[in-house]
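Here the structure is laid out as C-alpha coordinates; the discussion comes afterwards.
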Amino acid sequence: MLRLPAAASALLLAATPAAAQSTAAKIWEQNCASCHGADGAGNSASSLLDDDWETDGTDRGLYASIDDGLKHLGMPAYGGALTPAEIWSQVVYLRELREDAERAENPAAVAKPGTGGVKEGTGVYATDRATFRLEEVPVNAATLERPWAIDFLPDGRVLLTERAGALLVVPAGGGDAVRVAGTPRVWEHGQGGLLDVALDPAYRDNGWVYLSFSTSSGERDGRAVGNTAFVRGRIAGDGSGGLRWEDQQLVHRPDEADDGPQGVHFGSRFAFDGDGHVFVALGERGRNELSLETDTAFGKVLRLDEDGSVPADGQPFADDPAAVRGLWTLGHRNPQALLFQPGSGRLYGIEHGPRGGDEINLIEPGRSYGWSRYSYSINYNGTPRGRNAPWHAEAGETEPVFTWTPSIAPCGAAFYDADAFPGWRGDLFVTSLVKQELHRIRLSKDGRSVAEQEVLLRGIGRLRDVATGPDGALWIAAEKPGRVFRVVPAS
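So the sequence shown is residues -20 to -1, 1 to 471, counted in mature numbering (1 follows the signal peptide of the UniProt record, and there is no 0).
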(Lines of atoms letter the chains of each structure in order from A and count residues from 1; the text may use other names and numbers.)
(Lines give C-alpha, C1' and ligand atoms only; values in the text may rest on other atoms or scores of the structure.)
Protein backbone atom coordinates (compact mmCIF):
# COMPACT_ATOMS: atom_id res chain seq x y z
CA MET A 1 0.00 0.00 0.00
CA LEU A 2 1.01 3.64 -0.42
CA ARG A 3 1.80 5.10 2.99
CA LEU A 4 2.50 8.72 3.82
CA PRO A 5 5.42 9.54 6.10
CA ALA A 6 4.39 9.98 9.73
CA ALA A 7 5.01 13.72 9.73
CA ALA A 8 2.96 14.23 6.56
CA SER A 9 0.17 12.10 7.99
CA ALA A 10 0.05 14.28 11.10
CA LEU A 11 -0.14 17.44 8.99
CA LEU A 12 -3.02 16.06 6.95
CA LEU A 13 -4.92 15.08 10.07
CA ALA A 14 -4.45 18.56 11.47
CA ALA A 15 -5.59 20.14 8.21
CA THR A 16 -8.89 18.25 7.81
CA PRO A 17 -11.91 20.54 7.43
CA ALA A 18 -13.58 19.28 10.59
CA ALA A 19 -13.31 22.72 12.20
CA ALA A 20 -15.79 24.03 9.63
CA GLN A 21 -18.44 21.62 10.88
CA SER A 22 -21.01 22.50 13.51
CA THR A 23 -20.00 21.27 16.93
CA ALA A 24 -22.25 19.12 19.09
CA ALA A 25 -22.82 22.12 21.37
CA LYS A 26 -23.89 24.30 18.45
CA ILE A 27 -26.27 21.66 17.13
CA TRP A 28 -27.76 21.37 20.62
CA GLU A 29 -28.16 25.13 20.90
CA GLN A 30 -29.90 25.35 17.54
CA ASN A 31 -32.19 22.34 17.87
CA CYS A 32 -32.59 21.20 21.46
CA ALA A 33 -31.93 23.98 23.98
CA SER A 34 -35.13 25.95 23.38
CA CYS A 35 -37.20 23.02 24.68
CA HIS A 36 -34.84 21.08 26.93
CA GLY A 37 -32.69 23.96 28.19
CA ALA A 38 -29.06 24.78 27.52
CA ASP A 39 -28.02 22.44 30.34
CA GLY A 40 -30.64 19.76 29.62
CA ALA A 41 -32.56 20.55 32.81
CA GLY A 42 -35.77 21.32 30.93
CA ASN A 43 -37.67 24.30 29.63
CA SER A 44 -40.94 23.86 27.73
CA ALA A 45 -40.06 20.17 27.51
CA SER A 46 -39.02 17.88 30.33
CA SER A 47 -35.60 17.58 31.94
CA LEU A 48 -33.19 15.10 30.41
CA LEU A 49 -31.05 14.91 33.54
CA ASP A 50 -33.25 12.41 35.40
CA ASP A 51 -34.06 8.83 34.41
CA ASP A 52 -37.70 9.41 33.51
CA TRP A 53 -37.30 8.46 29.84
CA GLU A 54 -39.81 8.31 27.02
CA THR A 55 -37.47 5.74 25.44
CA ASP A 56 -35.60 2.90 27.13
CA GLY A 57 -32.82 5.35 28.03
CA THR A 58 -30.15 3.50 26.04
CA ASP A 59 -27.90 5.21 23.53
CA ARG A 60 -29.73 3.52 20.67
CA GLY A 61 -33.06 4.57 22.15
CA LEU A 62 -31.94 8.19 22.42
CA TYR A 63 -30.56 8.09 18.88
CA ALA A 64 -33.86 6.73 17.56
CA SER A 65 -35.91 9.39 19.35
CA ILE A 66 -33.82 12.15 17.74
CA ASP A 67 -33.81 10.47 14.35
CA ASP A 68 -37.52 9.60 14.24
CA GLY A 69 -38.92 12.15 16.68
CA LEU A 70 -41.57 11.64 19.36
CA LYS A 71 -44.69 12.73 17.57
CA HIS A 72 -47.03 12.16 20.50
CA LEU A 73 -45.00 14.76 22.43
CA GLY A 74 -44.64 17.18 19.53
CA MET A 75 -40.92 16.46 19.04
CA PRO A 76 -40.07 16.52 15.31
CA ALA A 77 -37.85 14.00 13.54
CA TYR A 78 -34.35 15.29 12.86
CA GLY A 79 -33.30 12.46 10.56
CA GLY A 80 -33.83 14.60 7.47
CA ALA A 81 -32.03 17.64 8.87
CA LEU A 82 -29.00 16.04 10.57
CA THR A 83 -26.58 13.40 9.37
CA PRO A 84 -26.38 10.15 11.37
CA ALA A 85 -23.07 11.34 12.85
CA GLU A 86 -24.63 14.65 13.89
CA ILE A 87 -27.51 12.80 15.56
CA TRP A 88 -25.00 10.66 17.41
CA SER A 89 -23.15 13.80 18.53
CA GLN A 90 -26.30 14.82 20.39
CA VAL A 91 -26.36 11.53 22.27
CA VAL A 92 -22.75 12.15 23.33
CA TYR A 93 -23.47 15.76 24.25
CA LEU A 94 -26.51 14.77 26.34
CA ARG A 95 -24.46 12.16 28.19
CA GLU A 96 -21.90 14.86 28.96
CA LEU A 97 -24.60 17.19 30.31
CA ARG A 98 -25.90 14.41 32.56
CA GLU A 99 -22.38 13.62 33.78
CA ASP A 100 -21.74 17.30 34.58
CA ALA A 101 -24.93 17.45 36.64
CA GLU A 102 -24.16 14.21 38.51
CA ARG A 103 -20.62 15.26 39.36
CA ALA A 104 -21.81 18.66 40.56
CA GLU A 105 -23.95 16.84 43.12
CA ASN A 106 -21.35 14.20 43.99
CA PRO A 107 -17.87 15.61 43.32
CA ALA A 108 -15.75 13.17 45.31
CA ALA A 109 -15.51 9.91 47.23
CA VAL A 110 -18.01 7.17 46.40
CA ALA A 111 -20.34 7.86 43.48
CA LYS A 112 -22.77 5.14 44.61
CA PRO A 113 -22.71 5.06 48.42
CA GLY A 114 -24.69 1.80 48.68
CA THR A 115 -26.58 0.86 51.84
CA GLY A 116 -24.04 0.24 54.55
CA GLY A 117 -25.26 2.72 57.13
CA VAL A 118 -21.69 3.97 57.34
CA LYS A 119 -21.18 7.19 59.24
CA GLU A 120 -19.21 10.06 57.77
CA GLY A 121 -15.65 10.38 59.01
CA THR A 122 -15.12 6.67 59.68
CA GLY A 123 -12.99 6.17 56.57
CA VAL A 124 -15.17 3.26 55.47
CA TYR A 125 -16.62 3.14 51.97
CA ALA A 126 -19.90 1.27 51.54
CA THR A 127 -20.55 -0.03 48.04
CA ASP A 128 -22.92 -2.49 46.45
CA ARG A 129 -21.03 -5.70 47.27
CA ALA A 130 -18.32 -4.75 49.77
CA THR A 131 -17.23 -2.24 52.37
CA PHE A 132 -13.62 -1.17 52.38
CA ARG A 133 -11.00 1.26 53.59
CA LEU A 134 -8.47 3.12 51.50
CA GLU A 135 -4.88 3.11 52.74
CA GLU A 136 -1.94 4.95 51.24
CA VAL A 137 1.23 2.89 50.87
CA PRO A 138 4.36 4.94 51.64
CA VAL A 139 6.80 4.94 48.75
CA ASN A 140 10.04 6.79 49.35
CA ALA A 141 11.61 7.47 45.98
CA ALA A 142 13.69 10.24 44.43
CA THR A 143 10.87 10.76 41.96
CA LEU A 144 7.39 9.30 41.77
CA GLU A 145 5.36 11.74 39.72
CA ARG A 146 3.73 9.46 37.15
CA PRO A 147 3.69 5.77 38.13
CA TRP A 148 2.39 3.86 35.10
CA ALA A 149 2.16 0.18 36.00
CA ILE A 150 2.27 -2.05 39.06
CA ASP A 151 3.09 -5.75 39.54
CA PHE A 152 4.36 -7.97 42.34
CA LEU A 153 7.40 -10.18 42.87
CA PRO A 154 6.80 -13.59 44.48
CA ASP A 155 8.12 -12.36 47.84
CA GLY A 156 5.52 -9.57 47.92
CA ARG A 157 7.75 -6.71 46.85
CA VAL A 158 6.12 -4.25 44.48
CA LEU A 159 7.34 -3.36 40.99
CA LEU A 160 6.46 0.14 39.83
CA THR A 161 7.27 1.85 36.57
CA GLU A 162 7.71 5.61 36.60
CA ARG A 163 7.00 7.15 33.22
CA ALA A 164 10.17 9.26 33.34
CA GLY A 165 12.15 6.01 33.07
CA ALA A 166 12.62 4.45 36.53
CA LEU A 167 11.78 0.85 37.39
CA LEU A 168 11.31 0.77 41.17
CA VAL A 169 11.21 -2.11 43.62
CA VAL A 170 9.27 -1.26 46.79
CA PRO A 171 9.10 -3.34 50.01
CA ALA A 172 5.84 -5.25 50.44
CA GLY A 173 4.51 -2.88 53.08
CA GLY A 174 5.96 0.26 51.53
CA GLY A 175 9.14 2.12 52.33
CA ASP A 176 12.33 2.99 50.54
CA ALA A 177 12.18 2.20 46.83
CA VAL A 178 15.22 0.80 45.04
CA ARG A 179 15.70 1.90 41.45
CA VAL A 180 16.82 -0.87 39.11
CA ALA A 181 19.93 0.28 37.26
CA GLY A 182 20.52 -0.33 33.57
CA THR A 183 16.90 -0.42 32.35
CA PRO A 184 16.29 0.70 28.76
CA ARG A 185 16.68 4.36 27.94
CA VAL A 186 13.21 5.72 27.22
CA TRP A 187 11.99 8.46 24.90
CA GLU A 188 10.01 10.58 27.36
CA HIS A 189 7.93 12.35 24.78
CA GLY A 190 4.28 13.36 25.21
CA GLN A 191 2.46 10.32 26.58
CA GLY A 192 5.57 8.17 26.17
CA GLY A 193 8.15 6.91 28.60
CA LEU A 194 8.52 3.72 30.64
CA LEU A 195 5.12 2.06 30.50
CA ASP A 196 4.07 -1.48 31.41
CA VAL A 197 5.82 -4.02 33.63
CA ALA A 198 4.76 -7.66 33.87
CA LEU A 199 6.23 -10.85 35.26
CA ASP A 200 6.47 -13.97 33.13
CA PRO A 201 3.95 -16.60 34.36
CA ALA A 202 6.95 -18.87 34.99
CA TYR A 203 8.96 -16.13 36.72
CA ARG A 204 9.98 -18.38 39.62
CA ASP A 205 11.72 -20.65 37.11
CA ASN A 206 13.05 -18.22 34.49
CA GLY A 207 13.19 -14.78 36.15
CA TRP A 208 11.88 -12.91 33.10
CA VAL A 209 10.37 -9.44 33.61
CA TYR A 210 8.74 -7.69 30.65
CA LEU A 211 8.84 -3.93 30.01
CA SER A 212 7.22 -1.72 27.39
CA PHE A 213 8.42 1.80 26.66
CA SER A 214 8.70 4.46 24.00
CA THR A 215 12.04 4.60 22.23
CA SER A 216 13.54 6.95 19.65
CA SER A 217 15.46 5.82 16.59
CA GLY A 218 16.95 9.29 16.03
CA GLU A 219 15.88 12.33 14.04
CA ARG A 220 14.09 12.75 10.76
CA ASP A 221 13.67 16.16 9.16
CA GLY A 222 15.07 17.72 12.31
CA ARG A 223 12.57 16.07 14.66
CA ALA A 224 13.02 13.13 16.99
CA VAL A 225 11.00 10.09 15.90
CA GLY A 226 10.21 6.89 17.71
CA ASN A 227 7.81 4.13 18.61
CA THR A 228 6.80 1.57 21.23
CA ALA A 229 9.17 -1.25 22.15
CA PHE A 230 8.64 -4.42 24.18
CA VAL A 231 11.55 -6.19 25.87
CA ARG A 232 12.25 -8.70 28.59
CA GLY A 233 15.13 -8.96 31.02
CA ARG A 234 16.01 -10.02 34.54
CA ILE A 235 16.46 -8.13 37.80
CA ALA A 236 19.57 -9.16 39.69
CA GLY A 237 21.52 -7.93 42.69
CA ASP A 238 24.53 -5.78 41.88
CA GLY A 239 26.63 -7.10 44.75
CA SER A 240 26.38 -3.95 46.84
CA GLY A 241 22.75 -3.94 47.90
CA GLY A 242 21.40 -2.45 44.68
CA LEU A 243 19.57 -3.97 41.72
CA ARG A 244 20.43 -4.07 38.04
CA TRP A 245 18.71 -4.99 34.76
CA GLU A 246 20.45 -7.68 32.70
CA ASP A 247 19.99 -10.29 29.94
CA GLN A 248 17.72 -7.97 27.92
CA GLN A 249 16.01 -9.44 24.83
CA LEU A 250 13.82 -7.64 22.30
CA VAL A 251 10.27 -9.03 22.14
CA HIS A 252 8.77 -6.63 19.58
CA ARG A 253 9.35 -3.26 18.01
CA PRO A 254 7.61 -1.87 14.92
CA ASP A 255 9.75 -1.19 11.86
CA GLU A 256 11.87 1.93 12.35
CA ALA A 257 10.71 3.13 8.92
CA ASP A 258 7.31 3.73 10.53
CA ASP A 259 8.69 5.75 13.46
CA GLY A 260 7.11 9.16 13.82
CA PRO A 261 7.30 12.34 15.91
CA GLN A 262 3.85 11.97 17.46
CA GLY A 263 3.83 11.85 21.24
CA VAL A 264 0.52 10.02 21.58
CA HIS A 265 -1.05 6.55 21.63
CA PHE A 266 1.89 4.31 22.44
CA GLY A 267 -0.42 1.71 24.04
CA SER A 268 0.73 -0.51 25.70
CA ARG A 269 0.22 -3.67 27.75
CA PHE A 270 1.27 -7.30 28.05
CA ALA A 271 -0.97 -10.33 28.63
CA PHE A 272 0.10 -13.98 28.92
CA ASP A 273 -2.07 -16.96 28.04
CA GLY A 274 -0.10 -19.48 30.12
CA ASP A 275 0.69 -21.55 27.02
CA GLY A 276 3.93 -19.81 26.13
CA HIS A 277 2.42 -16.82 24.29
CA VAL A 278 2.55 -13.13 25.09
CA PHE A 279 -0.01 -10.69 23.70
CA VAL A 280 0.99 -7.05 23.24
CA ALA A 281 -1.29 -4.08 22.56
CA LEU A 282 -0.11 -1.11 20.51
CA GLY A 283 -1.78 2.23 19.89
CA GLU A 284 -2.09 3.77 16.43
CA ARG A 285 0.33 6.58 17.37
CA GLY A 286 -2.16 9.23 16.28
CA ARG A 287 -2.16 7.88 12.71
CA ASN A 288 -5.82 6.90 12.53
CA GLU A 289 -5.68 5.64 8.97
CA LEU A 290 -3.26 2.81 9.83
CA SER A 291 -5.25 1.01 12.52
CA LEU A 292 -7.21 -1.01 9.94
CA GLU A 293 -4.22 -1.79 7.70
CA THR A 294 -2.78 -5.27 8.24
CA ASP A 295 0.81 -4.41 7.25
CA THR A 296 1.56 -2.27 10.28
CA ALA A 297 1.52 -2.90 14.04
CA PHE A 298 -0.20 0.42 14.74
CA GLY A 299 -3.58 -0.03 16.45
CA LYS A 300 -3.16 -3.79 16.81
CA VAL A 301 -3.00 -6.64 19.27
CA LEU A 302 -0.20 -9.09 18.45
CA ARG A 303 0.24 -12.69 19.64
CA LEU A 304 3.86 -13.80 19.92
CA ASP A 305 5.87 -16.50 21.58
CA GLU A 306 7.25 -15.20 24.85
CA ASP A 307 10.69 -14.69 23.28
CA GLY A 308 9.15 -12.52 20.54
CA SER A 309 9.14 -15.11 17.77
CA VAL A 310 6.00 -15.78 15.75
CA PRO A 311 4.02 -18.87 16.79
CA ALA A 312 3.91 -21.54 14.12
CA ASP A 313 0.21 -22.17 14.64
CA GLY A 314 -3.01 -20.27 15.05
CA GLN A 315 -2.21 -17.17 13.02
CA PRO A 316 -5.55 -15.67 11.88
CA PHE A 317 -3.93 -13.60 9.11
CA ALA A 318 -1.64 -16.34 7.77
CA ASP A 319 -3.15 -15.99 4.29
CA ASP A 320 -2.26 -12.28 4.13
CA PRO A 321 1.34 -12.02 2.89
CA ALA A 322 1.52 -8.35 3.91
CA ALA A 323 0.29 -8.89 7.49
CA VAL A 324 2.61 -7.76 10.27
CA ARG A 325 4.09 -10.67 12.18
CA GLY A 326 1.91 -12.03 14.95
CA LEU A 327 -1.16 -10.00 13.97
CA TRP A 328 -4.13 -11.07 16.12
CA THR A 329 -6.68 -8.20 15.92
CA LEU A 330 -6.88 -4.73 14.37
CA GLY A 331 -8.91 -1.52 14.50
CA HIS A 332 -7.76 -0.29 17.92
CA ARG A 333 -7.04 3.31 18.94
CA ASN A 334 -5.03 3.39 22.17
CA PRO A 335 -5.39 0.22 24.26
CA GLN A 336 -3.95 0.64 27.74
CA ALA A 337 -5.33 -2.53 29.34
CA LEU A 338 -5.01 -6.10 28.09
CA LEU A 339 -5.83 -9.02 30.37
CA PHE A 340 -7.15 -12.56 30.54
CA GLN A 341 -10.22 -13.38 32.60
CA PRO A 342 -9.27 -16.08 35.13
CA GLY A 343 -11.08 -19.34 34.51
CA SER A 344 -12.57 -18.51 31.12
CA GLY A 345 -9.46 -17.86 29.02
CA ARG A 346 -11.16 -14.82 27.48
CA LEU A 347 -8.88 -11.94 26.52
CA TYR A 348 -10.13 -8.38 27.04
CA GLY A 349 -8.73 -5.09 25.85
CA ILE A 350 -9.71 -1.65 27.12
CA GLU A 351 -8.96 1.44 25.07
CA HIS A 352 -9.41 5.17 24.94
CA GLY A 353 -11.88 6.85 22.61
CA PRO A 354 -11.46 10.55 21.83
CA ARG A 355 -14.53 12.24 23.34
CA GLY A 356 -16.81 9.38 24.30
CA GLY A 357 -16.46 5.86 23.01
CA ASP A 358 -13.98 4.39 25.49
CA GLU A 359 -14.31 0.64 24.98
CA ILE A 360 -14.07 -2.75 26.65
CA ASN A 361 -13.50 -5.31 23.90
CA LEU A 362 -13.51 -9.09 23.90
CA ILE A 363 -10.36 -9.79 21.89
CA GLU A 364 -10.92 -12.68 19.47
CA PRO A 365 -8.53 -13.74 16.69
CA GLY A 366 -8.97 -12.16 13.28
CA ARG A 367 -11.47 -9.56 14.43
CA SER A 368 -11.57 -5.87 13.52
CA TYR A 369 -12.78 -3.39 16.14
CA GLY A 370 -13.59 -0.48 13.88
CA TRP A 371 -11.28 2.41 14.68
CA SER A 372 -11.09 4.84 13.03
CA ARG A 373 -14.08 4.37 10.74
CA TYR A 374 -16.55 3.60 13.51
CA SER A 375 -16.49 4.91 17.05
CA TYR A 376 -19.05 5.75 19.73
CA SER A 377 -17.51 9.20 20.08
CA ILE A 378 -17.12 12.67 18.69
CA ASN A 379 -13.91 14.55 17.97
CA TYR A 380 -12.11 16.41 20.74
CA ASN A 381 -13.23 19.72 19.23
CA GLY A 382 -16.87 18.66 19.48
CA THR A 383 -17.45 17.96 15.80
CA PRO A 384 -19.10 14.72 14.66
CA ARG A 385 -16.87 11.94 13.37
CA GLY A 386 -17.56 11.65 9.62
CA ARG A 387 -21.16 11.23 8.51
CA ASN A 388 -22.10 7.70 9.57
CA ALA A 389 -23.79 6.32 12.66
CA PRO A 390 -21.36 4.60 15.05
CA TRP A 391 -22.87 1.12 14.98
CA HIS A 392 -20.07 -1.40 14.43
CA ALA A 393 -21.95 -4.61 13.65
CA GLU A 394 -23.94 -3.12 10.76
CA ALA A 395 -20.62 -2.24 9.14
CA GLY A 396 -19.09 -5.68 9.70
CA GLU A 397 -16.97 -4.58 12.65
CA THR A 398 -16.91 -6.10 16.15
CA GLU A 399 -19.11 -4.37 18.71
CA PRO A 400 -17.56 -3.45 22.06
CA VAL A 401 -18.68 -5.32 25.15
CA PHE A 402 -19.17 -1.93 26.82
CA THR A 403 -18.54 1.74 26.13
CA TRP A 404 -18.16 4.79 28.33
CA THR A 405 -19.72 8.03 27.16
CA PRO A 406 -18.61 10.53 28.34
CA SER A 407 -15.04 9.31 28.30
CA ILE A 408 -13.45 8.28 31.57
CA ALA A 409 -10.00 7.76 29.95
CA PRO A 410 -9.65 4.13 31.09
CA CYS A 411 -6.18 2.85 31.78
CA GLY A 412 -4.98 -0.17 33.76
CA ALA A 413 -7.40 -2.92 34.75
CA ALA A 414 -7.46 -6.14 36.76
CA PHE A 415 -9.77 -9.06 37.43
CA TYR A 416 -10.09 -9.65 41.15
CA ASP A 417 -9.09 -13.23 41.95
CA ALA A 418 -8.34 -13.18 45.69
CA ASP A 419 -10.30 -13.97 48.85
CA ALA A 420 -10.29 -10.71 50.85
CA PHE A 421 -13.42 -9.48 49.03
CA PRO A 422 -15.63 -12.52 48.28
CA GLY A 423 -18.34 -10.27 46.84
CA TRP A 424 -15.93 -8.98 44.20
CA ARG A 425 -14.41 -12.28 43.11
CA GLY A 426 -14.21 -12.41 39.32
CA ASP A 427 -15.13 -8.75 38.85
CA LEU A 428 -13.22 -6.41 36.56
CA PHE A 429 -11.71 -3.22 38.03
CA VAL A 430 -10.81 -0.35 35.71
CA THR A 431 -8.90 2.84 36.50
CA SER A 432 -9.79 6.25 35.08
CA LEU A 433 -7.48 9.14 34.35
CA VAL A 434 -9.66 12.09 33.45
CA LYS A 435 -12.54 11.23 35.81
CA GLN A 436 -10.13 10.06 38.55
CA GLU A 437 -12.29 7.04 39.35
CA LEU A 438 -12.09 3.33 40.09
CA HIS A 439 -14.83 1.31 38.38
CA ARG A 440 -16.09 -2.16 39.27
CA ILE A 441 -17.67 -4.15 36.45
CA ARG A 442 -19.32 -7.56 36.52
CA LEU A 443 -19.49 -9.20 33.13
CA SER A 444 -22.31 -11.44 31.96
CA LYS A 445 -21.83 -15.21 31.99
CA ASP A 446 -20.95 -15.27 28.29
CA GLY A 447 -18.56 -12.34 28.73
CA ARG A 448 -20.17 -10.26 25.98
CA SER A 449 -22.08 -7.70 28.04
CA VAL A 450 -22.01 -5.98 31.42
CA ALA A 451 -24.30 -7.18 34.18
CA GLU A 452 -23.29 -4.68 36.89
CA GLN A 453 -21.20 -1.56 37.18
CA GLU A 454 -20.44 0.97 39.88
CA VAL A 455 -17.92 3.66 40.73
CA LEU A 456 -16.04 2.83 43.92
CA LEU A 457 -13.71 5.80 44.27
CA ARG A 458 -13.49 9.30 42.93
CA GLY A 459 -11.18 12.24 43.40
CA ILE A 460 -7.95 10.68 44.74
CA GLY A 461 -5.90 11.46 41.62
CA ARG A 462 -5.48 10.30 38.06
CA LEU A 463 -5.64 6.53 38.46
CA ARG A 464 -3.18 4.79 36.16
CA ASP A 465 -3.17 1.12 37.17
CA VAL A 466 -4.82 -1.41 39.48
CA ALA A 467 -3.70 -4.91 40.46
CA THR A 468 -4.69 -7.66 42.87
CA GLY A 469 -1.94 -7.88 45.44
CA PRO A 470 -0.63 -11.05 47.08
CA ASP A 471 -2.26 -9.77 50.29
CA GLY A 472 -5.71 -9.88 48.64
CA ALA A 473 -5.98 -6.08 48.52
CA LEU A 474 -6.51 -4.04 45.39
CA TRP A 475 -3.44 -1.91 44.75
CA ILE A 476 -3.83 1.36 42.84
CA ALA A 477 -1.19 3.57 41.24
CA ALA A 478 -2.16 7.25 40.95
CA GLU A 479 -0.24 10.05 39.27
CA LYS A 480 0.44 13.80 39.64
CA PRO A 481 1.66 13.46 42.32
CA GLY A 482 2.59 9.80 42.30
CA ARG A 483 0.91 7.80 45.06
CA VAL A 484 0.12 4.16 45.76
CA PHE A 485 -3.04 3.02 47.57
CA ARG A 486 -4.47 -0.23 48.87
CA VAL A 487 -8.17 -1.05 48.99
CA VAL A 488 -8.58 -3.31 52.06
CA PRO A 489 -11.61 -4.85 53.81
CA ALA A 490 -13.27 -2.55 56.31
CA SER A 491 -13.27 -5.14 59.09
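For each residue, glycine too, the CB sits at the ideal point set by N, CA and C.
| Asked | Found |
| --- | --- |
| Supposed contact pair residue 389 and residue 332 - C-beta distance, whole angstroms, cut 8 Å | 6 Å |
| Touch test, the stretch 197 to 204 against the stretch 213 to 231, Cβ-Cβ under 8 Å, three pairs minimum | no |
| Among 275, 364, 51 and 410, nearest to residue 302 - alpha-carbon criterion | 275 |
| Of the residues 469, 456, 470 and 467, the one placed nearest residue 127, counting alpha carbons only | 456 |
| Assumed close pair residue 21, residue 358 - CB separation to whole angstroms, cut-off 8 Å | At roughly 22 Å, the Cβ-Cβ gap does not stay under 8 Å, so residue 21 and residue 358 are not in contact. |
| Rounded distance between the beta-carbons of residue 174 and residue 259, thought under 8 Å | The Cβ separation is near 20 Å, so there is no contact. |
| Backbone secondary structure at residue 170 - three-state DSSP | coil |
| Cβ-Cβ distance between residue 336 and residue 296 below 8 Å | no |
| Extent of the continuous alpha helix (DSSP H) run through residue 22 | Looking at the DSSP string, residue 22 is not in any alpha helix (DSSP H), and its letter there is neither H nor E. |
| Reference residue 38; option with closest CA among 356, 225 and 334 | 356 |
| Separation of residue 451 from residue 467, as counted between CA atoms | 11 Å |
| Cβ-Cβ distance between residue 353 and residue 64 below 8 Å | no |
| Proximity of residue 459 and residue 441 at Cβ, strictly below 8 Å | yes |
| Test item: CB-CB of residue 244 and residue 279 under 8 Å | no |
| Residue burial classification, residue 349 (beta-carbon count within 10 angstroms, cutoff 16) | buried |
| Simplified DSSP state of residue 487, which is helix, strand or coil | The structure shown does not extend to residue 487, since the chain is modelled only from -20 through 471, so no value can be given for it. |
| Residue range of the unbroken beta strand (DSSP E) whose run includes residue 434 | 430 to 438 |
| Residues near residue 24 by beta carbon distance below 6 Å, same chain, minus five either side | 15 |
| Spatial distance of residue 103 from residue 143 (CA atoms) | 31 Å |
| Distance, residue 434 Cα to residue 86 Cα | 14 Å |
| For residue 227, three-class secondary structure by DSSP | strand |
| For residue 280: DSSP bridge partner residues | 262 |
| Which residues DSSP lists as bridging residue 257, in chain order | 285 |
| Residues of its chain near residue 369, where Cβ-Cβ distance is below 8 Å and the 5 sequence neighbours each way are ignored | 43, 64, 65, 67 and 68 |
| Cβ pair residue 393, residue 317 closer than 8 Å | yes |
| Residue span of the alpha helix (DSSP H) that contains residue 82, given as start and end | 64 to 85 |
| Alpha-carbon spacing of residue 346 relative to residue 299, whole angstroms | 11 Å |
| Helix, strand or coil at residue 120 [DSSP, three-state] | strand |
| Close beta carbons around residue 131, own chain, < 7 Å, minus the five adjacent residues each side | 139, 177, 178, 179 and 447 |
| Proximity winner among 307, 59, 35 and 288, relative to residue 53 (alpha-carbon distances) | 35 |
| Spatial distance of residue 50 from residue 375 (CA atoms) | 27 Å |
| Boundaries of the alpha helix (DSSP H) in which residue 45 is found, first to last residue | 39 to 48 |
| Beta-carbon proximity check, residue 285 vs residue 256, cutoff 8 Å | yes |
| Beta bridge counterpart(s) of residue 356 as assigned by DSSP | In DSSP, residue 356 forms no bridge with anything. |
| Identity of the residues DSSP links to residue 339 by a beta bridge | 331 and 383 |
| Option nearest residue 469 by Cα separation, candidates 422, 404, 415 and 426 | 404 |
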